[in-house]
Structure formats: C-alpha cells, structure tokens
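**Student:**
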DNA sequence: AACAGTTTCAAACAACTGTTTTAATCATGA
DNA sequence: TCATGATTAAAACAGTTGTTTGAAACTGTT
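Protein chains in written order, with my numbering: chain A, 13 to 239; chain B, 13 to 239.
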C-alpha cells in the first residue's frame, strides 16, 4: 500500500463496508487490511461513525459536484429554456453510472452507496439527507420546469423509482446473477441500458386511477403521456 | 402477545431486522420484544442464522406461490397464446406490492425483503437464490414468450432494474422523504404508480448503441419499441 | 398420581466489540 | 543535537455478542 495511514484506512473501510456492511465490519478487520494499528482509526477519525461519514463524504461531495456541473452545462446551453428530460436524467444518473464504472475506487463506493440509501440507521440517513440537499433541490427544479404537467408528487415517486433502478444497476452484478448468467463487464452498455429504462419509466403514461390533482383536465385522462 | 413463543419471536425478529438490519439486531433485543427468554431463540431455531432464514421462508414461500398462481391464472386464460407484458408484470410485481400493503405482517416483511436483495452476506444470497429459483424460471419463460424480439440479456437487465424500482417503492417511505414530503399512505396509488413506471421502462426503446445480437434486423434500429 | 416429553428460565461461557491509555517511535525545524 | 509535535504501537478497558448449561416448570398420557 502506497498512501498514508489515513487514506489506507479509508480505502480498506470502503471495501469492507461494501462487502460486509457497516455493523459486520469491525475496526480490527479494517486496520488489519490497511496494515495499520487498531488505535489508528480512533486517532485519525475519532469514532467508527465518523469514519463511516468520511468514507462517504470523500467521494459523495465530488459526485454531487459533478452532477451539478453537468446540470449547469446543460442549462447554460439551453439559455433559459427547459431542458429535455433526457438531459436531466443524464446529468444525475449518467454521472453516477460513469463513476460506478471507475475501477479506481469509484466502483466500490457506488455499490456501497446504492445499498446505503435504504439503510435504516439514523445517523446515516440524516447524513445523506444533508449531503444531498443541494443537488436534490437543483434537480427537482430542473425536472419541474421540464415536465410542468406532471404532478409533483407523481414525479417524486418516479424519481425514487429511478434511484432504485440505479441502485440495482450499480450493485447489480451479484444480485443479478440470481436471474441468470449476464455480462456486466461493459460500463457503456450498462449506461445505455439504464438510460433507456429510466427514460421509459419517467415518461410513461400517468397512472389512470389517480386524480391528477393540479394539472389541467386532459382529453384522454387515462393514457396521457407524462411529458 | 397472543401466539406462541416461536411465532412471537419470528414477529419481533421481522420488525427488528427491518428496523436495524441483521447484524445490529441482537438476540436480546428480539427476545425482549417477544417477551421470551434469551435462550428461546437457540432452543426453537438453533442459531441466529437459522432464525433469519425462517423469518424469510415463512412469508417468501407464500409470496412466490401467489406469484406462480397469478401467472397460472393468466396463462390458463390465454390458452397458449403469449401473455401481455402488463399481465406478467402484474403477476410478479403486483402481487408483491399488494403484499407490501398488507398491514398484518406483510408490510414489514416486504420492506425487509427489498433491502435484502442487495445484501452481500453469503448465506442470505444463496438462500434467496434457492428460494427464488422456481419463480424466476417461470417468469423468464413467460417474458421471453411475450417479448420474443427482445434480446434475453437485455431483458434480464430490465427485470433487474424493475426489481430495484420495486425495492425502493416498498422500502420507500423513509428514503423518499429525502426528496421531499410525500404521501405513501395509499397502497392502491403506489400500485398504480409503480406499474406505470415499470411497464414504461420495460417497453422503452432498446438502447441504440448495443448490437442487438439475435433479433431480426429492424427497420429503425435506434428507436424501436421493446415490444 | 406418577410419568415422559416439551418448553422456559436464570446464569454463566468464551469470544469479540469500540474505545482509551500509556509509552515508544518518527519527523522536522531551531 | 535537542526539543517539539505528530504518529504508531501494544496492552488493557468495560461492555456486549451468540451460544450453552442444568435445573425448574409445564404439558398431556397412562
């Protein structure tokens, strides 16, 4: 291992958290893998919780900056006009998929992140909420502008579903093998696959039953395109 | 608590696993919630691992039987003709959503299950694979028959994405609140929402880049409907 | 009423957890 | 060279973990 103790611990923790989960990963496993002393974790990070947060912060901050940068680029190009849904999806999910394809650390992290969205632990949930606040606000605004006739709650659910698909796409290889033999070696193919699926889902006809609360009465209310 | 010790333990374990995860839930938490003695878990189930498996088996067997029964019903009705994709989605995911709406136990379990698909632990993964083998074989066959011109690997990925969306839809409430205030009290609305999204994703145009290996050459290869 | 089998209980087990402590080692500039 | 601060190291800490034990309590049967 080349880098300093602090970085070696973060790298080892990232790998082990993704492999065994947070609770099941002990500080002794981490420090052993990092060729560091047991006390090094508490020395450099204070507590195990603080270590977990730093594992996320280190890459998540950068990921969300990339997302916002991608959105900025599209919006600058559009000069005030609403973006295409495809562009917004690209900025949010495309960036994530590309990071997941990055062998040098990003891959492991993204798999870990995908599994962590549904983690029930309190401090992780509130930490993620804080870390995501800005990027979510930006993308919600962009989507609402691009799809003005989709009820906001409807869209939030779809965004949530898309996060689920992304999560599985990333942490996918292992779980997917339950279904059958698949090839997950080509990140570009995965990218293309996920984007098709996401946009198909995002722009599916609005569900019929729902009273579409605050959208103008539609001519064919039961099979109207989402956008 | 009314039922016998064994059932009380299973119920308490289900709740606590879903709330804190497997590792973070201790036998003492479980037995305390179940008003049982600590040794009762080892007496009735042998080990903690065996308890976890039984928590799943108890409901998962029934869930997958329901799925197969729903598929049987549609296939009997179709008299040998391919089913509509919507029917197959309904049989697999619809049944799951309805079970997730069942307050009397099913809801908690489905949330737990959704989070567990991506669980890395070995014995859970192999246990799930075994428990799902039959139902997956049936549904793969039905889908391939219904969508003969969709490459099989392409479909497996979409099925995987759909599982991700389902997982988030079910375990959703908590994670979704990161996005904003939503109403998740109406299971029928959730059902309608998820079905629209899933079918939109399933039938989205095949991704352009991919060499569509074993499907007949299409007139418009870059934006052909999946089915 | 005496029996056998099942279930419950309190207590203890060794192993492991995150964290702290104290001393040793290192690096670096005066 | 020496002092100063940062890092590493070994050992111990108190608390918790899943599991086992052996006796008590309960169950239904003869």
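Note that CB positions come from ideal geometry on N, CA and C, so glycine has one too.
(1) Using beta-carbon positions only, say whether residue 218 of chain A and residue 166 of chain A come within less than 8 Å of one another.
(2) Between residue 218 of chain A and chain B, is the shortest Cβ-Cβ distance under 8 Å, so that the two count as touching?
(3) Counting only C-beta atoms, is residue 170 of chain A closer than 8 Å to chain B at any point?
(4) Would you call the stretch 172-185 of chain B and the stretch 80-94 of chain B in contact, with 3 or more CB pairs under 8 Å?
(5) Quick check: is the beta carbon of residue 118 of chain B nearer than 8 Å to any beta carbon in chain A?
(6) For chain A, is any of its Cβ atoms less than 8 Å away from the one on residue 109 of chain B?
(7) Given this structure, state the Cα-to-Cα distance separating residue 172 of chain A from residue 195 of chain B, to the nearest angstrom.
(8) By the criterion of Cβ-Cβ separation under 7 Å, what are the contact partners of residue 175 of chain B in chain A?
(9) Run through DSSP, which three-state label would residue 240 of chain A get?
(10) Do the stretch 70-85 of chain A and the stretch 43-50 of chain A meet, that is, are 3 or more Cβ pairs less than 8 Å apart?
(11) Excluding the five sequence neighbours on either side, which residues of its own chain have a C-beta within less than 7 Å of the C-beta of residue 213 of chain A, listed in chain order?
(12) On the three-state DSSP scale, how would you describe residue 202 of chain B?
(13) Does DSSP put residue 27 of chain A in a helix, in a strand, or in coil?
(14) Quick check: the stretch 14-23 of chain A against the stretch 113-121 of chain B, are at least 3 beta-carbon pairs closer than 8 Å?
(15) Could you pull the start and end residues of the alpha helix (DSSP H) that residue 179 of chain A belongs to?
(16) Ends of the alpha helix (DSSP H) at residue 47 of chain B?
(17) Since residue 134 of chain A is in the alpha helix (DSSP H), which residue starts that stretch and which ends it?
(18) Identify the contact partners of residue 127 of chain B in chain A, using a Cβ-Cβ distance below 9 Å as the criterion.
(19) Does the stretch 25-35 of chain A come within contact of the stretch 121-137 of chain A, defined as at least 3 CB pairs closer than 8 Å?
(20) Less than 8 Å between the beta carbons of residue 22 of chain B and residue 67 of chain B, yes or no?
(21) Following the continuous alpha helix (DSSP H) through residue 218 of chain B, name the residue where it begins and the one where it ends.
(22) Run the CB neighbour count on residue 59 of chain B, radius 10 Å, all protein chains shown included, and call it buried at 16 or more, exposed below.
(23) Quick one: using the 10 Å Cβ neighbour count with 16 as the cut-off for buried, is residue 97 of chain B buried or exposed?
**Tutor:** Taking the structure as given:
(1) yes
(2) yes
(3) yes
(4) No, because fewer than three Cβ pairs between the stretch 172-185 of chain B and the stretch 80-94 of chain B fall closer than 8 Å, the two stretches do not touch.
(5) no
(6) no
(7) 13 Å
(8) 180
(9) The structure shown has nothing for residue 240 of chain A, since chain A only spans 13 to 239.
(10) Judged by Cβ distances under 8 Å, the stretch 70-85 of chain A makes no contact with the stretch 43-50 of chain A, as fewer than three pairs qualify.
(11) Setting aside the 5 residues that flank it on each side, residue 213 of chain A is surrounded in the same chain by 170, 173, 174, each with a C-beta closer than 7 Å to its C-beta; the list follows chain order.
(12) helix
(13) helix
(14) no
(15) It spans 164-182 - the alpha helix (DSSP H) in which residue 179 of chain A sits, taken as one unbroken run.
(16) Unbroken run through residue 47 of chain B: none, as it is neither H nor E.
(17) 134-158
(18) Per Cβ cutoff of 9 Å: 127, 130, 131, 132.
(19) yes
(20) yes
(21) Note, residue 218 of chain B: premise wrong, no alpha helix (DSSP H); not H, not E.
(22) With fewer than 16 Cβ atoms within 10 Å of its Cβ, residue 59 of chain B is classed as exposed.
(23) Around the Cβ of residue 97 of chain B, a 10 Å sphere holds 16 or more other Cβ atoms; the residue is buried.
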